[in-house]
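One structure below.
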Amino acid sequence: MKFWFLLLCTSIIMGFFKLPIGVIQSCSKPGLATLTFDDGITSSSSLILDILEKNNVRAAFFIIGETLKANNFFVLKRSYDQGHTIGNHTWKHSYLNKMTDEQIEEDVLTTQNGFASVSRQPLKKFFRPPYGANNQRVYDKLVSMGFTVVLWNMDLRDWRAAKTKKQIWDSYKNHISNANPLKDSFIILLHTKEKTAALLPDIIALAKAKGFKLVSLDECISHN
Ligand SMILES: [Zn+2]
Numbered sequence: 000m001k002f003w004f005l006l007l008c009t010s011i012i013m014g015f016f017k018l019p020i021g022v023i024q025s026c027s028k029p030g031l032a033t034l035t036f037d038d039g040i041t042s043s044s045s046l047i048l049d050i051l052e053k054n055n056v057r058a059a060f061f062i063i064g065e066t067l068k069a070n071n072f073f074v075l076k077r078s079y080d081q082g083h084t085i086g087n088h089t090w091k092h093s094y095l096n097k098m099t100d101e102q103i104e105e106d107v108l109t110t111q112n113g114f115a116s117v118s119r120q121p122l123k124k125f126f127r128p129p130y131g132a133n134n135q136r137v138y139d140k141l142v143s144m145g146f147t148v149v150l151w152n153m154d155l156r157d158w159r160a161a162k163t164k165k166q167i168w169d170s171y172k173n174h175i176s177n178a179n180p181l182k183d184s185f186i187i188l189l190h191t192k193e194k195t196a197a198l199l200p201d202i203i204a205l206a207k208a209k210g211f212k213l214v215s216l217d218e219c220i221s222h223n
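Just so it is clear: in the sequence shown, position 189 is 188 by numbering that gives the first Met the number 0, and no numbers are missing.
Structure follows, in structure tokens:
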């Protein structure tokens, strides 16, 4: 009875979260964690870069093309210079599942060209679908364009305006306290928000204290 009940629950959950085959949600080895910041360049970006630099941590920024305004280019350039990963998050935070393959290609390439105008490095193509929304068609289209599609397995919901700093911190503490670096790894979803920047030194310190190694997105998903 228990077995059938578990099987039923699993089928229901899988039905709700039909993730494409191949999409990345965690690092390839236990004990690793990587910080990813979504949605683009904001007034908190420079502070986040300061904190990452001070702690010698390389993170990933999934950027909305629309935030690539001329006066933000120095922030983007600094992100590249500090060794962070820059990933594509569409031009306008678009919901890809409702777009045609042609629309996806145009949106994503326009954003990608914005990065290319600032970076002198060869661009590694990472992509995060807004809202995490994608399906096998969208995923296959992005992969055919050369992208590695990255989701997450820890969401502190800092994107919700109503979430207080304390609630975000409690949620993080809860995740990390229940985790085991011998078994678990994390791709942590964060946003370039003031409250997140304020918590960042403690987020880094607690991950390290618990035995997680904070690595770049490249190292997190690498199989070497
Ligand atoms: Zn987003």
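We treat Cβ as the ideally placed atom computed from N, Cα and C, and that holds for glycine. Fair warning: this is a prediction, and the values are worked out from it, not measured in the lab.
Please say whether Thr33 and Cys219 have beta carbons closer to each other than 8 Å? The Cβ atoms of Cys219 and Thr33 lie closer than 8 Å to each other.
Taking 8 Å as the threshold (C-beta atoms), are Ile203 and Asn54 in contact? Yes, they are a contact pair.
Is there a Cβ from chain B that is less than 8 Å from the Cβ of Ile50? Reference to chain B is not applicable here, since this structure consists of a single protein chain.
With hydrogens ignored, establish whether the beta-carbon of Asp106 is closer than 7 Å to any heavy atom of ligand 1. Outside the cutoff, so no.
Under the three-state reduction of DSSP, which class applies to Leu189: helix, strand or coil? In the structure shown, Leu189 sits in a strand (DSSP, three-state: E or B).
Give me the Cβ distance between Thr116 and Asp106, rounded to the nearest whole Å; I'm assuming they're in contact under 8 Å. In the sequence as presented, Thr is not what sits at residue 116; that position holds Ser. Wrong, their Cβ atoms sit about 17 Å apart, outside the cutoff.
State the DSSP-derived secondary structure class of Ile63, mapped to helix, strand or coil. In the displayed model, Ile63 falls within coil according to three-state DSSP, outside both helix and strand.
Would you check whether ligand 1 has a heavy atom nearer than 7 Å to the C-beta of Asp38? Indeed, a heavy atom of ligand 1 lies less than 7 Å from the Cβ.
Flag this pair as touching only if the region 61 to 71 and the region 95 to 102 have three or more C-beta atom pairs under 8 Å; answer yes or no. Using a C-beta cut-off of 8 Å, the region 61 to 71 makes no contact with the region 95 to 102, since fewer than three inter-stretch Cβ pairs fall below that distance.
Mark His222 as exposed unless 16 or more other C-beta atoms lie within 10 angstroms of its C-beta, in which case mark it buried. By the neighbour-count rule (16 or more Cβ atoms within 10 Å), His222 is not buried but exposed.
Relative to ligand 1, is the shortest distance from any of its heavy atoms to the C-beta of His92 smaller than 7 Å? In this structure, the C-beta of His92 approaches ligand 1 to less than 7 Å from one of its heavy atoms.
Whether Tyr171 touches Leu155 by CB criterion (8 Å): Yes, these two residues count as a Cβ contact at 8 Å.
CA-to-CA distance, Glu104 to Val17, given in whole angstroms: Going by the sequence as given, residue 17 is Lys instead of Val. So the alpha carbons of these two residues sit roughly 23 Å apart.
Beta-carbon gap between Thr191 and Ile47 smaller than 8 Å: Cβ distance < 8 Å, so Thr191 and Ile47 count as in contact.
Curious, which full-length alpha helix (DSSP H) runs of at least 4 residues does the region 31 to 102 contain? 44 to 53, 72 to 80, all fully within the region 31 to 102.
Name the residue from Gln102, Arg136, Ile62 whose alpha carbon lies nearest to the alpha carbon of Phe36. Answer by Cα proximity: Ile62.
Do you know whose CA, among Asn133, Gln102, Asn152, lies nearest Leu189's CA? Nearest of Asn133, Gln102, Asn152 to Leu189, Cα basis: Asn152.
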